[in-house]
Every structure is written in C-alpha cells, then in structure tokens.
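Residue numbering for the sequence shown follows the numbering used here, beginning at 933 and increasing consecutively.
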Amino acid sequence: MSTWLGISTALSSLRTQRVAIDVTGQNIANVNTPGYARQRVDLTAGIGVDVSSIQRLYSGVLGSRSRTEEAQLQDFTVTSTALKEIEQVFAEPSAKNPVGFGRLTVRHIAAAPAVDFRANGQVLFGALTNGASATKRVEAANYAITVSLASNEAVVLGPTAVNAVRPFNTIVYAWGSATDGTLALATQRVNAKG
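What follows is the structure, given as structure tokens:
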C-alpha cells in the first residue's frame, strides 16, 4: 500500500506542477497584453498536492485609478474634438494687414435663414447661412454694418458702427433667433498679428 501511496502522491505533485507551469506560461505569454491580470496557482497539501484555485492578481487601488484616468482621458478627448470643430467654423485669420487696410470678419450664428452682410449699403458678404463665417481685407475706415435677408435690401439688423483698422480683425456676429425676435449684432476686435 505504501508504494501505491508514494506513487499517487508523486503523480498528484506532477499534475499540480504541470498546472502551475501552464499558468506561468500564460503569464509570460500575456505580459504585454493590455488588460491582462497575472494569475497565481494556490496549492493545498493533503495526500499529495492539489490545485485549490487559480487566482487573478489584481490591485483594487490601481484598477480604480486606471478607470478614473481613462474616464478623464475620454472627457478631454471629447472636449478637444468639440473645440477643434468650433475652430474649424470660426477660424481666426492670421494674415498680416498692410498699412491702410483692416480685416473684417462676419459670423452668422443666428437661428435665421441666409443673410447678406452690408457695409455702408453695399453687399460685402452675400448669402451666408447659419454657422458660416467670412473674412475680407477692407480699407481702413468706419463702416455701418447692416444685415438683410439674402437678395433682399430690407434691413433686419443694424446698423452697427465698426472701425476696420490695422492691425486688428473686427468681427461682427449676427446672433439670436428670428422666430423669437431676439436677433442682434455684436462686435469684437482682436489683434490680427500684423
């Protein structure tokens, strides 16, 4: 009986070590796999050695921190994407203005149909749709800016006085809602870098 007991004990040890070597091989093979958690074989002694369990080695603190950082990264990614889209709609011109000229930009951000932006009664930018922006180099001067529906001379906004002068970019925004009766003009002046 003792010979068979010795052989049985040795056999259980060999089987257990085989499982342990397989788990170690998986750990080595997956060392660079994202999200893989290292595993450990738990052994129990009795008549021979048996595998009681295979556990994943996982740090709750590191896992929590990883999830927090991933969520923050996703938030920054969404914010970055939104800001890039806004920059595409409202690109800031950086070309230099020669002496005697200014830069005039108009931005149609109103909930309204296509409009014409007029400077001193002449169409400067025609048929701009919602979300559109346009820029033009103009002679340095004072301008009365008005807005009318596209191809219609009836003024729906303005006049607002702007002074286009070097080195600035004068920006005129048409904003608000036509249906709510909240249409308005706003102006801004930024340095056009030269």
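For each residue, glycine too, the CB sits at the ideal point set by N, CA and C.
Got a sec? Which residues, its chain only, sit under 8 Å from residue i by beta carbon, not counting five neighbours each side?
i: I1018; result: none
i: P937; result: The amino acid occupying residue 937 in the given sequence is Leu; Pro does not appear at that position. Same-chain partners within the cutoff: I979.
Just to confirm my understanding: we take residue i, look at its own chain, exclude 5 residues before and 5 after, and list those with CB closer than 6 Å. What are they?
i: D1048; result: V1055, G1058, S1080, A1082
i: T976; result: D982, S984
Following the continuous alpha helix (DSSP H) through residue i, name the residue where it begins and the one where it ends.
i: R988; result: Taken as a continuous stretch (DSSP letters only), R988 belongs to no alpha helix (DSSP H), being part of the beta strand (DSSP E) at 980-988.
Looking at residue j and residue i, is the spacing between their C-beta atoms short of 8 Å?
i: T1061; j: A1051; result: no
i: Y1105; j: L1117; result: yes
i: A1096; j: A1072; result: yes
i: K1068; j: L1089; result: no
i: R1121; j: T1102; result: yes
i: A1042; j: G1108; result: yes
i: A1110; j: A1044; result: yes
i: Y1075; j: V1094; result: yes
i: S944; j: D974; result: no
i: V963; j: I986; result: no
Rank the options by C-alpha distance to the C-alpha of residue i and give the top, closest one.
i: S984; options: V951, E1085, T941; result: V951
i: R972; options: A1076, R1121, T948; result: T948
i: R1039; options: S991, I939, I1077; result: I1077
i: V993; options: Q987, E1001, I986; result: E1001
i: G967; options: S998, A977, D954; result: S998
For residue i, which residues in the same chain have their Cβ closer than 7 Å to its Cβ, ignoring the five residues on either side in sequence?
i: N959; result: R970, Q971
i: T941; result: I979, G980
i: F1033; result: R1069, V1070, E1071, A1072, R1098
i: S996; result: none
On the DSSP letters alone, give me the boundaries of the beta strand (DSSP E) that residue i sits inside.
i: G1034; result: 1033-1040
i: A1044; result: That residue, A1044, is in no beta strand (DSSP E); it is neither H nor E in DSSP.
Cβ of residue i within 7 Å of any heavy atom in the ligand SAH?
i: G967; result: Here there are no bound small molecules, and the ligand SAH is not part of this structure.
With a floor of 3 residues, list each beta strand (DSSP E) that falls wholly inside the stretch 1057-1115, ordered by position along the chain. 1065-1071, 1073-1081, 1087-1096, 1100-1107
Entirely enclosed beta strand (DSSP E) segments - the stretch 942-985, minimum 3 residues: 971-978
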